[in-house]
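K.L.:
Residue numbers (our numbering), protein chains in the order written: chain A, 379 to 586; chain B, 379 to 586; chain C, 379 to 586; chain D, 379 to 586.
Where is the CB? At the ideal position from N, CA and C, for every residue including glycine.
There are 4 protein chains.
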Amino acid sequence: MTRPQPDSQKPKRRKAARPGEIIEAGLQEFATKGLAAARLEDIAKRAGIAKGTIYRYFDSKEELFMAVVRSRVVLSLDQFEETVANFPGKTDALLKLVLTHFYKQFVGNEISGVIRILIVEGPRFPDLVELYHREVTSKGVTILSHIIKRGIERGEIRDGPAAREPRLIMAPTIMAVLWGLTFQAQDPIDIEQYLNAHIDMILHGLSA
Amino acid sequence: MTRPQPDSQKPKRRKAARPGEIIEAGLQEFATKGLAAARLEDIAKRAGIAKGTIYRYFDSKEELFMAVVRSRVVLSLDQFEETVANFPGKTDALLKLVLTHFYKQFVGNEISGVIRILIVEGPRFPDLVELYHREVTSKGVTILSHIIKRGIERGEIRDGPAAREPRLIMAPTIMAVLWGLTFQAQDPIDIEQYLNAHIDMILHGLSA
Amino acid sequence: MTRPQPDSQKPKRRKAARPGEIIEAGLQEFATKGLAAARLEDIAKRAGIAKGTIYRYFDSKEELFMAVVRSRVVLSLDQFEETVANFPGKTDALLKLVLTHFYKQFVGNEISGVIRILIVEGPRFPDLVELYHREVTSKGVTILSHIIKRGIERGEIRDGPAAREPRLIMAPTIMAVLWGLTFQAQDPIDIEQYLNAHIDMILHGLSA
Amino acid sequence: MTRPQPDSQKPKRRKAARPGEIIEAGLQEFATKGLAAARLEDIAKRAGIAKGTIYRYFDSKEELFMAVVRSRVVLSLDQFEETVANFPGKTDALLKLVLTHFYKQFVGNEISGVIRILIVEGPRFPDLVELYHREVTSKGVTILSHIIKRGIERGEIRDGPAAREPRLIMAPTIMAVLWGLTFQAQDPIDIEQYLNAHIDMILHGLSA
DNA sequence: AATGAATGAGGCTTCATTCAT
DNA sequence: AATGAATGAAGCCTCATTCAT
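Listed below in structure tokens is the structure:
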């Protein structure tokens, strides 16, 4: 994505950026149409290159597809572990912080395209699913688990059935993502209000 | 799947059942592979007929696809309106009843295949999305809204932000469906425990 | 090659003959142009069918290629074993008989196309080479060996170095085949005269 | 193959030798794979240069191909005319000398690759065929004809049918070349023994 | 009505050739 | 002169659709 402008006056070529641009174009097409329906010609056109050029960087359509998914797996959740560990305030403030971040990461973002891709093509690419689960999903769940544990220790979270399913806390986020991908036209979500309601629900749902 | 034998003497063919069997087979293939990657030949084989026969009942692959989605749109939610309207007990019992029903309808069921289909192919078939939203999604939301309204009137539900987003109540169900479709191998969901946690969360999250 | 005319008035279709016709067309194209340069479209056109039809009978271009070679491997040499074993006359008559037959089989015949194919594509298809060697070449050599052995026993063939290399006896045949494929325009072979010279040479070369 | 170091101080590049090295590399690839299947990239790699550099020396793949064939057409047969004209000894010694030389020239040598090339691609390159015939084949035949004529005059060769087909004398050589290219794995030729048998056969086959 | 062989458009992939550096 | 990235024409192959039986 970073395009180092060469110091020439004509920034026509940016060789080093090619693979990234192809991946970018591929993400758009794959996310919209799926693996089979996306055409390499369209991806090339979108990347501003010729069809054959893709093959200089990726061995096949499938390889490009996998590269696209992998490229968006690197989620900046790692920093959050620290944030959560050192957070000084109350659980509701922490939850607000984390959930807000999740929304920014996912909703209306290109990450939602990756999620759509995984839902559909997952069965044919178990490696990608496994990768995504390991690097993104399970990390998110772990963070939520830590928040819950911390909240229980602080006496702010009720140690009941809901506290044992951290995935429940993400559920509204995931649904918002998919709702946006699917029913946006019929029934849009007001993200701000939805996020507030989400936090409100979780805080009361878990509070001691 | 049940094949009612016609009272003819030669029970080898049941013409009337053909379209349904093709739709059934199509659902399996489309849900697993998506519209583009599913092959009519495989659908035919699964339905126990020849490829050309599909065209006796459907004009094209897309027509079959739409028929498949439409066939699963008829959700038995209508009855619930009445149930909710006449329910004598407390809100938590009513919620338990409805959510349990939702899980039975969706999770691990072929409906989840339709949901997957819609998530992916939705952009190319806005009519189907609109249909599904109108017939299924919005009906479900309406039912939940009524439950919430009823709960507030009965003083059992807190009239806060969470009460204004009935979609929040379904979110864990949707997530369970997609989680099952995607991460089942890596990280299965114990549906019973998850449902209990879900209800626990909602009841506390909404309770007055 | 045999085309059983259906008893319909329009002999438009001969399903059973299709694979044979494709192989026939493939032989022409492969023999003339080689595997890589032959185009499936041309083969189809030559066979009077559409490109895709080839794939109903053969999985790939390579499979067709192998089928083409295999189809011409069945050489009617087996009968000769008997002929040689029971031949009543002198060695020169027997040799004349066998060599004449070899010429009829190879020279100017489509078998020469197969030989050309094998010479070029052999390295990539060791199985075909092995098959051809086993079914055709080694059988021919065996027959010649038997003739030599019989001639020595009858005192008609000199038991010298030449008698120990039966391949020498076929050599002029092979060369005639390749000469015909290559230098026919510049320097044609008068097959009749060449065959006579060949026999003359061998008989004297081997005679006691 | 010998790379004469230019007297420049930087011996890393020897431009003058480039075309020859490309031709050398091309011969290997074309002989092994044929014109269509050989890849310029592989030829370049084998020559230790970049793909584009080939076009500095040859206009197209076909031009390179023709150059490859032409480069191996220059056969040192000319000297033999003299040798034969002035040979003092008997015909069998002369034949032995010439045939031995033929074997050295052809068998197991890269010339066999050229022969393979011509057999396959000949129809598309009549000029090359004509060239090869004129410069190599017909010269060889002429030499053999002279030997035969000389032998007849000396009363050492029988003036029969075999004497009128000098190509017969080369046939075992050609066959040995092709056998080596094709059936070497299944059924190798012991060249020494084969050559002896060949000479034995010819001498007796032609002797008066 | 059913079949499945045949068609041919469309998309992936290769690679000779070009071209900017 | 050399490089190797980029191009795009061409060919293999798939599969939705048609059609003769």
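#1: Between I497(A) and chain B, is any beta-carbon pair separated by less than 7 angstroms?
#2: Is G426(B) close to chain A, meaning its C-beta is less than 7 angstroms from at least one C-beta of that chain?
#3: Please state the DSSP three-state secondary structure of V569(B).
#4: Helix, strand or coil for I427(D) per DSSP?
#5: List the residues of chain A that V507(B) touches, going by C-beta distances under 9 angstroms, in chain order.
#6: Tell me, to the nearest whole angstrom, how far the beta carbon of R434(D) is from that of E407(D); I am working on the premise that it is less than 8 angstroms.
#7: Three or more beta-carbon pairs under 8 angstroms between the segment 497 to 512 of chain D and the segment 527 to 538 of chain D, yes or no?
#8: Throw me the rounded Cβ distance for the I552(A) and M553(B) pair, which I believe falls under 8 angstroms.
#9: Check the Cβ-Cβ distances between Y371(B) and every residue of chain A, and say whether any is below 7 angstroms.
#10: Which residues in chain D have a C-beta closer than 7 angstroms to the C-beta of G538(C)? List them in chain order.
#11: Which two residues bound the contiguous alpha helix (DSSP H) that contains F484(D)?
#12: Does the distance from the CB of Q455(D) to the CB of G404(D) come in under 7 angstroms?
#13: Between the beta-carbon of L509(A) and the beta-carbon of V462(A), is there less than 7 angstroms?
#14: Of all Cβ atoms in chain D, is any one closer than 7 angstroms to the Cβ of A463(C)?
#15: Run down chain B in chain order and give the residues with a C-beta less than 8 angstroms from the C-beta of G500(A).
#16: Using a cut-off of 8 angstroms between C-beta atoms, extract the partners of S438(D) located in chain C.
#17: Grab the span of the alpha helix (DSSP H) containing E534(D) for me, first residue to last.
#18: How would you list, in chain order, the residues of chain D whose beta-carbon sits under 9 angstroms from the beta-carbon of I552(C)?
#19: Taking the CB atoms as reference points, tell me whether G500(C) and T560(D) lie closer together than 7 angstroms.
#20: Which residues bound the alpha helix (DSSP H) around S449(C)?
#21: State the CB to CB distance for the pair L573(C) and A575(D), rounded to an integer number of angstroms; the pair is presumed to be in contact (CB under 8 angstroms).
#22: Taking Cβ to Cβ, would you say L472(D) is nearer than 7 angstroms to A540(D)?
#23: Name the chain A residues whose beta carbon is nearer than 7 angstroms to that of R417(B)?
#24: Thinking just about the alpha-carbon of each residue, which of G538(D), Q562(D) and E570(D) is nearest to the one in M579(C)?
#25: Is the Cβ of I535(C) closer than 7 angstroms to any Cβ of chain D?
#26: Rank A563(D), A409(D), F465(D) and V555(D) by C-alpha distance to the C-alpha of Q483(D) and give the top, closest one.
#27: Would R450(D) count as contacting chain C if we go by Cβ distances under 7 angstroms?
#28: Do R532(B) and A409(B) have their beta-carbon atoms positioned less than 7 angstroms apart in this structure?
#29: Quick one: grab the DSSP three-state call for R494(C).
#30: Taking T515(D) as the query, report the chain C residues whose CB atoms sit under 7 angstroms from its CB, ordered along the chain.
#31: Where do the ends of the alpha helix (DSSP H) carrying L587(B) lie?
#32: How is L455(B) classed by DSSP in three states: helix, strand or coil?
#33: In three-state DSSP terms, what is M379(C)?
#34: Just verifying my parser: in three-state terms, what is the DSSP assignment at P504(B)?
#35: Among P397(C), K429(C), H524(C) and P566(C), which has the Cα closest to the Cα of S449(C)?
#36: Report the rounded CA-to-CA distance for S438(B) versus R417(B), giving the unit in angstroms.
P.N.:
By the coordinates alone:
#1: Here the question's residue 497(A) lines up with position 119 in the first sequence. Yes, contact with chain B.
#2: In the second sequence, counting from the first residue as 1, residue 426(B) sits at position 48. Chain A contact via Cβ: absent.
#3: As a position in the second sequence, residue 569(B) is number 191, starting the count at 1. The residue you asked about is not Val; residue 569(B) is Ile in the sequence shown. Three-state result, I569(B): helix.
#4: On the fourth sequence, residue 427(D) is found 49 positions in, with the first residue counted as 1. DSSP places I427(D) in coil when its eight states are reduced to three.
#5: As a working note, residue 507(B) is residue 129 in the second sequence. In chain order: T560, F561, A563 and Q564.
#6: The count along the fourth sequence starts at 1 and reaches residue 434(D) at position 56. The count along the fourth sequence starts at 1 and reaches residue 407(D) at position 29. No, R434(D) and E407(D) are not in contact; Cβ-Cβ is about 18 angstroms, not under 8 angstroms.
#7: no
#8: As a first step, residue 552(A) must be located in the first sequence, where it is residue number 174. As a first step, residue 553(B) must be located in the second sequence, where it is residue number 175. That belief holds up - the Cβ atoms of I552(A) and M553(B) are roughly 5 angstroms apart, short of 8 angstroms.
#9: The structure shown does not extend to residue 371(B), since chain B is modelled only from 379 to 586, so the question has no answer here.
#10: Indexing the third sequence from 1 puts residue 538(C) at position 160. Result: D578.
#11: Taking the first residue of the fourth sequence as position 1, residue 484(D) is located at position 106. Start and end: T469 to F484.
#12: Locating residue 455(D) in the fourth sequence gives position 77, where the first residue counts as 1. Locating residue 404(D) in the fourth sequence gives position 26, where the first residue counts as 1. Note on identity: in this sequence residue 455(D) is Leu, with Gln being the wrong assignment. Going by beta carbons, L455(D) and G404(D) fall outside the 7 angstroms limit.
#13: Here residue 509(A) is taken as the residue at index 131 of the first sequence, counted from 1. Here residue 462(A) is taken as the residue at index 84 of the first sequence, counted from 1. Their beta carbons are not under 7 angstroms apart, which means L509(A) does not touch V462(A) by this criterion.
#14: On the third sequence, residue 463(C) is found 85 positions in, with the first residue counted as 1. No, A463(C) lies away from the interface with chain D (no Cβ there is under 7 angstroms from its Cβ).
#15: On the first sequence, position 122 is the one that residue 500(A) refers to. Residues of chain B passing the Cβ test: L559 and T560.
#16: Counted from its first residue, the fourth sequence places residue 438(D) at position 60. Correct list: empty, because the minimum Cβ distance to chain C is about 15 angstroms.
#17: By 1-based counting over the fourth sequence, the position of residue 534(D) is 156. That residue, E534(D), is in no alpha helix (DSSP H); it is neither H nor E in DSSP.
#18: If you number the third sequence from 1, residue 552(C) lands on position 174. By Cβ distance, chain D contributes A549, I552, M553, L556 and W557.
#19: Taking the first residue of the third sequence as position 1, residue 500(C) is located at position 122. Taking the first residue of the fourth sequence as position 1, residue 560(D) is located at position 182. Closer than 7 angstroms, so yes.
#20: Stepping through the third sequence from its first residue, residue 449(C) is reached at position 71. Run containing S449(C): K439 to S449, per the alpha helix (DSSP H) assignment.
#21: For the purposes of this step, residue 573(C) is taken as the residue at position 195 of the third sequence. For the purposes of this step, residue 575(D) is taken as the residue at position 197 of the fourth sequence. L573(C) to A575(D), Cβ: 21 angstroms. No contact.
#22: Here residue 472(D) refers to the residue found at position 94 of the fourth sequence. Here residue 540(D) refers to the residue found at position 162 of the fourth sequence. Result no, Cβ atoms of L472(D) and A540(D) do not sit closer than 7 angstroms.
#23: Counting from 1 along the second sequence, the entry for residue 417(B) is found at position 39. Correct list: empty, because the minimum Cβ distance to chain A is about 10 angstroms.
#24: Indexing the third sequence from 1 puts residue 579(C) at position 201. Closest by alpha carbon: G538(D).
#25: By one-based count along the third sequence, residue 535(C) stands at place 157. By this cut-off, I535(C) is not an interface position.
#26: Here residue 483(D) is taken as the residue at index 105 of the fourth sequence, counted from 1. Of the listed residues, the one whose Cα sits closest to Q483(D) is V555(D).
#27: Residue numbering aside, residue 450(D) sits at position 72 when the fourth sequence is read from its first letter. False, the Cβ-Cβ gap to chain C never drops below 7 angstroms.
#28: What you label residue 409(B) is simply residue 31 of the second sequence in a count that begins at 1. What you label residue 532(B) is simply residue 154 of the second sequence in a count that begins at 1. Taking 7 angstroms as the Cβ cut-off, A409(B) and R532(B) do not qualify as a contacting pair.
#29: Here residue 494(C) corresponds to residue number 116 of the third sequence, with the count starting at 1. In the structure shown, R494(C) sits in a helix (DSSP, three-state: H, G or I).
#30: Within the fourth sequence, the letter at position 137 stands for residue 515(D). Scanning chain C for C-beta atoms nearer than 7 angstroms to the C-beta of T515(D) yields F561, reported in chain order.
#31: As shown, chain B starts at 379 and ends at 586. That puts residue 587(B) outside it, with no answer to give.
#32: Taking the first residue of the second sequence as 1, we reach residue 455(B) at position 77. Correct three-state label for L455(B): coil.
#33: In the third sequence, counting from the first residue as 1, residue 379(C) sits at position 1. Interpretation of M379(C) is limited by its pLDDT of 37, a score under 50 that renders its predicted location unreliable; the figure taken from the coordinates is listed afterwards. M379(C) falls in the coil class under three-state DSSP.
#34: Taking the first residue of the second sequence as position 1, residue 504(B) is located at position 126. Helix, per DSSP.
#35: By 1-based counting over the third sequence, the position of residue 449(C) is 71. For the residues P397(C), K429(C), H524(C) and P566(C), the minimum Cα distance to S449(C) belongs to P397(C).
#36: For this step, residue 438(B) is matched to residue 60 along the second sequence. For this step, residue 417(B) is matched to residue 39 along the second sequence. Looking at the two C-alpha atoms, the distance is approximately 12 angstroms.
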